[in-house]
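Residue numbers (the working numbering): 2 to 334. By construction, the Cβ of each residue, glycine as well, lies at the ideal position given by its N, Cα and C atoms.
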């Protein structure tokens with residue numbers, strides 16, 4: 002349903018886990034949220050607080066929660082007020098392959114919601130893809146008979162699965178950079194930019210993944226003991242979040258190691274280059290010294306005779322060859 006001001010409102014109603022309605026008139030939304038034998042999901046897309054004044058008054062929602070629901074940079078969290086919970090969480094998705102583009106690949110989308118005794122009310126932007134969540138609910142209809150906590154579980158599980166997919170893609174990108182780390186012809190400016198981009202993306206992803214621990218823990222802590230059947234599902238979800246957080250931290254350490262290893266390799270290559278230059282400079286010094294010596298304006302063995310030219314030439318060749326062999330033996334050349 003779309004209102005006259007462009008705000009979209011989606012709705013679903015279940016009874017004992019069976020979907021019985023997908024469209025509810027706006028005037029029936031408040032009534033649907035208070036039916037004890039029904040489970041309702043009300044979804045507001047691109048909404049504004051002024052458009053929800055009737056709903057806010059009917060549910061007696063605190064102004065602080067409404068402000069948090071529409072704040073652009075709110076941190077993922079769960080808070081309890083009276084008989085309902087407020088939560089906010091973020092999805093994370095990578096757009097496109099790793100490259101040298103300056104545009105951010107990591108797309109973060111936010112969803113907020115209120116968990117009521119018989120309903121779940123969500124607020125999101127139109128760019129937040131709700132299709133995977135609806136698919137998760139349809140795939141587990143038996144869980145929906147346990148109430149709104151089941152809807153929240155399906156939503157959080159889908160979000161965490163998206164985190165895993167993003168982390169896996171970043172892991173693949175890091176492995177691709179590891180393959181070229183020791184190739185000195187491919188670790189130039191582009192490589193450094195890619196490493197910096199990965200590090201920046203992991204920092205942003207870390208801000209999304211790590212707070213999810215407190216979100217799910219808060220849902221478990223404030224969920225009460227009315228739906229103990231769902232506790233096992235939430236425990237499994239919490240385990241997935243811990244794994245995602247640990248994986249993110251390990252990738253962050255790998256990117257730091259990748260960056261530091263590249264710097265160390267560059268220093269080693271520079272030392273090798275300087276050593277080679279020093280070796281060749283020493284070799285060139287041999288003919289310079291000999292020709293300089295034979296260029297003196299005093300008589301020397303072979304002075305003004307062909308034997309002097311041949312003598313100096315042989316001395317240059319032998320001296321240079323000895324220097325080259327000595328440096329080669331030490332690994333300088």
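### Task
Can you have a look at residue 113 and say buried or exposed, based on whether 16 or more other CB atoms are within 10 angstroms of its CB?
Residue 113 sits buried, since 16 or more C-beta atoms from the chains shown fall within 10 Å of its C-beta.
### Query
In the DSSP assignment, what residue or residues form a beta bridge with residue 268?
Residue 268 is not bridged to any residue.
### Query
When DSSP labels each residue in this structure, what does residue 62 get in the three-state scheme?
Coil, per DSSP.
### Task
Give every residue of the same chain whose Cβ lies closer than 8 Å to the Cβ of residue 257, excluding the five residues on either side of it in the sequence, and list them in chain order.
For residue 257, same chain residues with a beta-carbon under 8 Å away, outside a window of 5 residues either side, are 200 in chain order.
### residue 142 beta carbon less than 7 Å from that of residue 121
Result no, Cβ atoms of residue 121 and residue 142 do not sit closer than 7 Å.
### Anticipated Cβ contact below 8 Å, residue 161 with residue 213, distance rounded
Indeed, because the Cβ distance is near 7 Å, the residues count as touching under 8 Å.
### Cut-off 6 Å between Cβ atoms - residues of its own chain near residue 335, not counting five sequence neighbours on either side
What the structure shows of the chain is the stretch from 2 to 334, and residue 335 is not part of that stretch, so it cannot be assessed.
### Message
If you reduce the DSSP assignment to three classes, tell me which class residue 226 lands in.
### Response
Caution is warranted here: a pLDDT of 49 is assigned to residue 226, below 50, making its placement in the model unreliable, and no coordinate value can be reported.
### Message
Quick check on this structure: which residue in 251, 223 and 273 has the alpha carbon closest to the alpha carbon of residue 84?
### Response
Residue 84 has its Cα closest to that of 223, out of 251, 223 and 273.
### Query
Can you tell me the Cα-Cα spacing of residue 322 and residue 274, whole angstroms?
Whole-angstrom Cα-Cα distance: 20 Å.
#### Entry: Chain-order list of residues whose beta-carbon lies under 8 Å from that of residue 66 (same chain, five-residue window excluded)
Result list for residue 66: 80, 82, 87 and 115, in chain order.
### Message
Under DSSP, the beta strand (DSSP E) around residue 114 begins and ends at which residues?
### Response
Per DSSP, residue 114 belongs to the beta strand (DSSP E) from 107–117.
### Query
Over what stretch of residues does the beta strand (DSSP E) that includes residue 44 continue unbroken?
Unbroken beta strand (DSSP E) run through residue 44: 40–46.
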